[in-house]
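2 protein chains.
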Amino acid sequence: MLLKPYLMIPGPTAVPERVLQAMHRPMINHRGPQYEEMFRRISEGLKRVFKTQSDVLTFPAAGTGALEAAIVNTLSPGDLVLSVSTGVFGDRFAEIAGRFGAQVEKLEFPWGEGAQPEALAERLARDSERAIKAILLTHNETSTGVTNNIQALVKAKGDHPALILVDAVSALAAINLEMDAWGLDVVVTGAQKALMLPPGLGFVAMNERAWEAHSRAKMPKFYWDAQAIKKSLGKGQNPYTPPVSLIFGLDEALKMIDEEGLENVFARHCLLRDALRAGLKAQGLKLLAGDEDASPAVTAVLAPEGMEGKAIQKMMRETYGITLAGGQKKLENKIIRIGHVGYVAATDVLVTLSILDMALTKLGLPIKLGASVKAAQEILMEG
Amino acid sequence: MLLKPYLMIPGPTAVPERVLQAMHRPMINHRGPQYEEMFRRISEGLKRVFKTQSDVLTFPAAGTGALEAAIVNTLSPGDLVLSVSTGVFGDRFAEIAGRFGAQVEKLEFPWGEGAQPEALAERLARDSERAIKAILLTHNETSTGVTNNIQALVKAKGDHPALILVDAVSALAAINLEMDAWGLDVVVTGAQKALMLPPGLGFVAMNERAWEAHSRAKMPKFYWDAQAIKKSLGKGQNPYTPPVSLIFGLDEALKMIDEEGLENVFARHCLLRDALRAGLKAQGLKLLAGDEDASPAVTAVLAPEGMEGKAIQKMMRETYGITLAGGQKKLENKIIRIGHVGYVAATDVLVTLSILDMALTKLGLPIKLGASVKAAQEILMEG
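Quick note, the sequences are listed as chains A and B, same order.
Position 313 (the first sequence) corresponds to 313 in my numbering; numbering is contiguous.
Adding 1000 to a residue's 1-based position in the second sequence gives its number in my numbering.
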């Protein structure tokens, strides 16, 4: 049976036709005026999306590379780093810091829950010597479908001087984040989520406090050195050869975000999340995250009793062409994750729900056909 | 709100990414060996799709041009032609014949119903002098969503010597048609329906009886002259410059049909039609064609009492990004037509039904949300 693929994973996400078209252009000189004009425009666009006046640095890299850049540009071996972790990606941020010699202390929360600001405040209150140099936060924990309340966590920090480093890889441009207004020192994202690009670009924005830290930071770096990027940025360039096609695509994706309006993009992600969750609940499925912490970018659904998550993924993919993500680490095979970040429309949610109905029915679950779609339609019509 | 466009009209239909990619190649010499090799392969592929051993002639033209070619290559001014018409496209075929001086007699059937073989048999029985030179049939009447039973109509012809000319523009490669086995003399189709291409190519297959008729046909022709096409085809070429990009796309589309299997393509169209109709009926909507004549390519739905067809189309398109077709001529504003021909999957049917639910609700119709999707899911899971 002919299938039309739907890629409903939390990255890489569907790339709009417009962006693909923009990428399909001949190479240009990355040291010439045409590139410079485009890259300056992109840099301004990135600032709007990060909601910052600081420069946003572009690295040819995966999001994980940009996380590493955030660490090595602001910290020194031996620094005490408090890692607020709510899942796989919080753990990874901590692991990078540890690998470069930071002394990492973890403030962990159960997978499927958001970080509690009170717990952070309590830990920092005990740090009377102000030994903690940085706090690592995850805006959207992709492994559990939880969005952490960054604003509340920063408030909980109070006047503690630790830097705030935020992994916003799966969040930025999907979930509101106000780098300057909220006082975030470093914010990191990647291309392949809400920026609607293929993977291959990482972004790091650093405010003045972060640049001050950079001047003292002793972790070794060459490729990730923010100073080199910033210097080139002044000339509308990159220090090392950029992936020109992705830069073409980024220019177009930022135009699309501007046209839709960033606040409208956020509202869309919330509406689609609400519709999807209503549909899943109408089918009696259990969601890993509660409504309070529910991510506008990815939704984790517990595999029904006695059913393997991978069996659902396989049925969705092979029989109906819908690709979902599975669980990671201790959640492997226990959940399925539905990505709805970036170039996602109401029709994608309706397709996913109606096909999930069919897949679960085929796998023997008693499903009320149509119930999930009805619940989603009701939410979508209000939106 | 971000919309992803779904083009659910009976042509031009959605073009698969693979075909678009294939078309996106540099021009080649249409008189060179690379073109010849490709065009010979295409010609064999077209024969398989037409289910004929006769040559299939390719014209750079709209489907209507190919209908004209069918007429002018087989008929002479003054010839008596019996046009079996079940809608707009049956009428058009007749009009072309008339414009070139044929004496056209219409055998008309109510719009929304298939042609009755008995009526054809009865008319031919009265033609004791065998004056009727050709019978014009429409395989799939796109304006009403009716598929005529070509095999039964040909049987009804019995041993009457009239040529059978079949407009299969919206049917070929979607609905089974066996040119040789059923004894069809001329079969016509276009690129932009089940062949999954952008518009711009028309096809005419002529059997030996049709070529005999060609040798006597007096209607004036140059561009449409089948003899010129056939002569060039012997060299793997076209007499006049072909639209090379469309030919690249055709090569790829025929590969896709071969990979899926032509019989599977037919089965898919039937399954999707059945699912769509079940969903529409579950919502209490009235369908123009009965189950017996229902087209696997396009479904016409009566606009609910007091509602304009165009209002439904507008709501579907502007609010939800789904483009449907409207009614033509006397059905204008009275029906909406949902195209499901060519590159169409189960997900397209589910999207169309769930969005139609929402559009009709917004237009004030009491809709049982989820009911249409449930009915379609039940059919799709059996398929």
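Every residue gets a Cβ at the ideal spot worked out from N, C-alpha and C, and that includes glycine.
* Using only alpha-carbon positions, find the residue among B:Q1377, B:A1359, B:L1356 that is nearest to T361 of chain A. => Within the first sequence, the letter at position 361 stands for residue 361 of chain A. Residue B:Q1377 is the option with its Cα nearest to T361 of chain A.
* Ordered along the chain, which non-local residues of its own chain (more than five positions away) have a Cβ less than 8 Å from that of E1208 of chain B? -> Translated into the one-based positions of the second sequence, residue 1208 of chain B becomes position 208. Once the five neighbours on either side are set aside, the close Cβ partners of E1208 of chain B are S1054.
* Name the residue from B:A1205, B:L1067, B:A1061 whose alpha carbon lies nearest to the alpha carbon of S1043 of chain B. => Here residue 1043 of chain B refers to the residue found at position 43 of the second sequence. Closest option to S1043 of chain B, Cα to Cα, is B:A1205.
* Leaving out five residues on either side along the sequence, give the residues of the same chain with a beta carbon under 8 Å from the beta carbon of P1077 of chain B. => Here the question's residue 1077 of chain B lines up with position 77 in the second sequence. These residues qualify, in order along the chain: F1100, G1101, A1102, K1218, M1219.
* Check the Cβ of D357 of chain A against every Cβ in chain B and list those closer than 7 Å, keeping chain order. => Position 357 of the first sequence, counting from 1, holds the residue named residue 357 of chain A. The contacting residues are Q1377.
* For D293 of chain A, does the count of other Cβ atoms within 10 angstroms reach 16, so buried, or fall short, so exposed? -> To locate residue 293 of chain A, count along the first sequence from 1; it is residue 293. It is buried - the Cβ of D293 of chain A has at least 16 other Cβ atoms within 10 Å.
* **Spatially closest choice to H1340 of chain B from B:T1299, B:A1115, B:S1372, B:M1315, by CA coordinates** => Looking up residue 1340 of chain B in the second sequence gives position 340. It is B:T1299 whose Cα lies nearest to the Cα of H1340 of chain B.
* Asked: Should M307 of chain A be flagged as near chain B, meaning a C-beta pair shorter than 8 Å?
  -> Locating residue 307 of chain A in the first sequence gives position 307, counting from the first residue. With a threshold of 8 Å between beta carbons, M307 of chain A makes no contact with chain B.
* Residues in the segment 251 to 264 of chain A with C-beta within 7 Å of chain B's C-beta atoms, listed in sequence order? -> Against chain B - using a Cβ distance shorter than 7 Å - the residues of the segment 251 to 264 of chain A are E260.
* What span of residues does the beta strand (DSSP E) with Y6 of chain A cover, start to end? -> In the first sequence, residue 6 of chain A corresponds to position 6, counting from 1. From DSSP, the beta strand (DSSP E) with Y6 of chain A extends over 6 to 8.
* Asked: If we cut at 8 Å on Cβ distances, does S1232 of chain B have a partner in chain A?
  -> Along the second sequence, read from residue 1 onward, the residue named residue 1232 of chain B stands at position 232. No, its Cβ sits nowhere closer than 8 Å to a Cβ of chain A.
* **is_contact[A1194 of chain B, chain A] using C-beta, thresh 8 Å** => Taking the second sequence and counting its residues from 1, one reaches residue 1194 of chain B at position 194. No, no contact with chain A.
* To do: Compare the C-beta of S85 of chain A with all C-beta atoms of chain B and state if any pair is closer than 8 Å.
  => Numbered from 1 along the first sequence, position 85 holds the residue referred to as residue 85 of chain A. So no, S85 of chain A is outside the interface.
* Within 10 angstroms of its Cβ, does N264 of chain A collect 16 or more other Cβ (buried), or is it exposed? -> Looking up residue 264 of chain A in the first sequence gives position 264. By the Cβ neighbour-count rule, N264 of chain A is exposed, with fewer than 16 other Cβ atoms within 10 Å of its own.
* Note down the Cα distance separating I1164 of chain B from H1139 of chain B, rounded to an integer number of angstroms. => Working through the second sequence from its first residue, we reach residue 1164 of chain B at position 164. Working through the second sequence from its first residue, we reach residue 1139 of chain B at position 139. Distance between the alpha carbons of I1164 of chain B and H1139 of chain B: 12 Å.
* Per DSSP, E108 of chain A is paired with what? -> The residue labelled residue 108 of chain A in the question sits at position 108 within the first sequence. Looking at the DSSP assignment, E108 of chain A forms a beta bridge with A:S85.
* **Rounded straight-line distance, which links the Cα of K255 of chain A to that of A22 of chain A** => Here residue 22 of chain A refers to the residue found at position 22 of the first sequence. Here residue 255 of chain A refers to the residue found at position 255 of the first sequence. C-alpha separation (whole angstroms): 11 Å.
* Beta-carbon proximity of I1338 of chain B to T1352 of chain B, cut-off 8 Å -> Here residue 1338 of chain B corresponds to residue number 338 of the second sequence, with the count starting at 1. Here residue 1352 of chain B corresponds to residue number 352 of the second sequence, with the count starting at 1. Yes, Cβ-Cβ distance for I1338 of chain B and T1352 of chain B is below 8 Å.
* What residues in the segment 43 to 58 of chain A bring their beta carbon closer than 7 Å to a beta carbon of chain B? -> Within the segment 43 to 58 of chain A, no residue qualifies.
* Out of B:Q1116, B:A1152, B:A1097, B:A1162, state which residue places its alpha-carbon closest to the alpha-carbon of G1129 of chain B. => Here the question's residue 1129 of chain B lines up with position 129 in the second sequence. Note on residue identity: the sequence assigns Glu, not Gly, to residue 1129 of chain B. Of the residues B:Q1116, B:A1152, B:A1097, B:A1162, the one whose Cα lies closest to the Cα of E1129 of chain B is B:A1162.
* To do: Mind checking which residues open and close the alpha helix (DSSP H) that includes V186 of chain A?
  => Mapped onto the first sequence, residue 186 of chain A falls at position 186. Here V186 of chain A belongs to no alpha helix (DSSP H); instead the beta strand (DSSP E) covers 186 to 190.
* Do you know offhand how far K155 of chain A's Cα is from G236 of chain A's? -> Reading the first sequence from its first residue, position 155 is the one you call residue 155 of chain A. Reading the first sequence from its first residue, position 236 is the one you call residue 236 of chain A. Going from the Cα of K155 of chain A to the Cα of G236 of chain A covers about 35 Å.
* Can you list the residues of chain A that R1018 of chain B reaches, using a CB-CB cut of under 8 Å? -> As a first step, residue 1018 of chain B is located in the second sequence; it is residue number 18 there, counting from the start. Under the 8 Å cutoff, chain A gives no residues; its nearest Cβ is about 12 Å from R1018 of chain B.
* In chain order, what residues of the same chain lie with their CB nearer than 6 Å to the CB of H269 of chain A, ignoring the 5 residues before and after it? -> Here residue 269 of chain A refers to the residue found at position 269 when the first sequence is read from its first residue. Result list for H269 of chain A: A174, P296, in chain order.
* Asked: Count the other CB atoms within 10 Å of the CB of A27 of chain A; is the residue buried (16 or more) or exposed (fewer)?
  -> Residue numbering aside, residue 27 of chain A sits at position 27 when the first sequence is read from its first letter. Per the sequence shown, the amino acid found at residue 27 of chain A is Met instead of Ala. Answer is exposed; the Cβ neighbour count stays below 16.
* According to a CB-to-CB cut-off of less than 8 Å, which residues of the segment 1130 to 1147 of chain B neighbour chain A? -> none
* Scan the segment 1293 to 1326 of chain B for residues whose Cβ lies nearer than 9 Å to a Cβ of chain A and list them as they occur along the chain. => Y1320, G1321, I1322
* Reference H1030 of chain B, options B:L1136, B:P1242, B:V1166, B:A1345, closest by Cα -> One-based indexing of the second sequence puts residue 1030 of chain B at position 30. With distances taken between Cα atoms, H1030 of chain B lies closest to B:P1242.
* **D55 of chain A in three-state terms, based on DSSP** => Residue 55 of chain A sits at position 55 when you count from the first residue of the first sequence. Note: D55 of chain A maps to coil in three-state DSSP.
* Quick one: grab the DSSP three-state call for P1060 of chain B. => Start at 1 with the first residue of the second sequence, and residue 1060 of chain B comes out as number 60. Reduced to three states, the DSSP call for P1060 of chain B is strand.
* To do: Please list the segments of the beta strand (DSSP E) lying wholly inside the segment 1231 to 1318 of chain B, counting only runs of 3 or more residues, in order along the chain.
  => Correct list: 1298 to 1302.
* To do: Could you check if E1439 of chain B is buried or exposed, using at least 16 other CB atoms within 10 Å of its CB as the buried criterion?
  => Nothing in the structure corresponds to residue 1439 of chain B, since chain B is present only between 1001 and 1383.
* Are K51 of chain A and L177 of chain A closer than 8 Å when you measure CB to CB? -> Here residue 51 of chain A refers to the residue found at position 51 when the first sequence is read from its first residue. Here residue 177 of chain A refers to the residue found at position 177 when the first sequence is read from its first residue. Yes, they are a contact pair.
* To do: In the DSSP assignment, find the unbroken beta strand (DSSP E) run with T1138 of chain B in it and report its ends.
  => Within the second sequence, residue 1138 of chain B is the residue found at index 138, counting from 1. That run of the beta strand (DSSP E) goes 1132 to 1138.
* Asked: How long is the line joining the alpha carbons of L331 of chain A and K310 of chain A, rounded to whole angstroms?
  -> For the purposes of this step, residue 331 of chain A is taken as the residue at position 331 of the first sequence. For the purposes of this step, residue 310 of chain A is taken as the residue at position 310 of the first sequence. The straight-line gap from Cα to Cα measures roughly 11 Å.
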